[in-house]
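For reference, the structure is listed below as structure tokens.
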Amino acid sequence: MYSATCEAPVNMALVKYWGKRNEELILPINDSISMTLDANEMSAKTTVAASESFKQNRMWLNGEVVPFEDNARLMRCLEGVQRLALANGGLKFPLSWKLHIASYNNFPTAAGLASSAAGYACLVYTLARLYEIPMNEQLTTIARQGSGSACRSLHGGFVQWHRGIADDGSDSIAEQLVTAEHWPNMHMLILVVNDARKKTGSTKGMQSAVETSTLIQHRATTIVPQRIKELRTAIQARDFKTFAELTMRDSNQLHAIALDTYPPCVYMNEVSHAIVNFVHDYNESVGEVKAAYTFDAGPNGCLYVLAENVAPLLAAIQVAFPNDAQQSVEYLKGIPVPPVELKKMATNGIAEHVNPKNLLKYIIHTKIGDGPRQLSDEKSLLIDGLPL
Ligand code: DP6
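Here the working numbering runs 149 ahead of the position in the sequence shown, where the first position is 1.
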């Protein structure tokens, strides 16, 4: 039996991917840029084992059996990596050997945090390690076919996914713009919002947007290309103010497009809008842009903030969004934050807008991180080909 175990990070988009020009190959209508998050707080972990004795391909996700052969996206990823393996030559074992795959997310899938991006990136990366294919840009075109945003999780730091122009998707690749070391003090607070509503998934939501929104083409052809250029420059220069404004504007535009979809898709809720107002109030009260929000296809707010500004920002969040569990480790997850004395801070405008209690489920503090990595065999999720 041969096996490999790897972990892959989540990424959070700054300029959003929203809309496909080819549903099957998952080709986007515009470029996007994301930041890869540290795998310590949120990541997917996957073991793939191959053996002559396995009768069929099998997969377990978070301990539950999931369909394999009739999952078109999964099969496309597997076939893509196997094609590369064949082209590479020197196979250790025949490609006909069946696979057992076990995968876990170290964060709740239900929180609506980009679990498919980390999951498919991890799957493709682990398959590549198993078949001994070195990391290359073609792997990003394969991960893209699992879930579009997954291609960006194959790199650390800031990453641009190019829409490409080729019909076969060969140039729709993810490229690393800078490593995590370029801007190591870029942190993030994820405000996980209580929300029970059933929402339209990203795949379906962006499909109806392409079919019905009259604004989306303008975004793809005119707004995004300019925004990508400006954001690349801001990242290179570590210009937080420009970075923050572009990010907030792009998040707002994604949700404007969602509302321009017919029937409309509503992803943000009242708490999300309270977070938006809070960030603008906060930046105004400190007289400088120190936080930037972004929202994906759900109500959770992700706030970009530099390391040195995390503690005062968190203190202000605690004032604006009071919570019974405020100081508990279940409420404040991730990198620990030293408490700040609020009285020392300028909180004008914040204290005046205190929201009702317990609107947030919990807060995760994380930061920029590296791409996927292989783990030692002791970390395997399979024993004799079966999940632990
Ligand atoms: C709002 O990558 O989940 O997070 O390609 O259909 O699997 P599929 O969609 P997915 O969409 C992510 C959309 C987004 C924005 C982004 O990550 O750029």
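Every residue gets a Cβ at the ideal spot worked out from N, C-alpha and C, and that includes glycine.
Check: Kindly indicate which residue of Leu508, Tyr274, Ile175 and Asn171 has the alpha-carbon position closest to the one of Asp344.; Outcome: Leu508
Check: Could you spell out where the beta strand (DSSP E) holding Tyr511 opens and where it closes?; Outcome: Leu509 to Lys516
Check: May I ask you to verify whether the segment 230-245 touches the segment 271-290, counting CB pairs closer than 8 Å and requiring at least 3?; Outcome: yes
Check: For ligand 1, any of its heavy atoms closer than 8 Å to the Cβ of Ala469?; Outcome: no
Check: Along the chain, where does the alpha helix (DSSP H) that runs through Gln120 open and close?; Outcome: No statement about residue 120 is possible, as the shown extent of the chain runs from 150 to 537 and does not include it.
Check: Measure the Cβ-Cβ separation of Asp521 and Cys271 and say whether it is below 9 Å.; Outcome: It is worth fixing the name first, because residue 521 is Pro in this sequence and not Asp. Yes, Cβ-Cβ distance for Pro521 and Cys271 is below 9 Å.
Check: What did DSSP end up calling Val273 once you bin it into helix, strand or coil?; Outcome: helix
Check: Taking just the CA atoms, how far does Cys451 sit from Leu462?; Outcome: 13 Å
Check: Along the chain, where does the alpha helix (DSSP H) containing His404 start, and where does it finish?; Outcome: Phe389 to Asp409
Check: How would you label Asp526, buried or exposed, when you count the other beta carbons within 10 angstroms and need 16 or more for buried?; Outcome: exposed
Check: Determine the direct distance from the alpha carbon of Ala456 to that of Leu481, and round the result to whole angstroms.; Outcome: 16 Å
Check: Going by C-alpha to C-alpha distance, which of Pro374, Ser400, Ser357 and Met150 sits closest to Lys169?; Outcome: Ser357
Check: Give the range of the beta strand (DSSP E) segment to which Ala329 is assigned.; Outcome: First-last for Ala329: undefined, no H or E at that position.
Check: Taking Phe307 as part of the beta strand (DSSP E), name the residues at either end of that continuous run.; Outcome: Phe307 to Trp310
Check: Is Ile178 near ligand 1, judged by its Cβ being under 8 Å from some heavy atom?; Outcome: no
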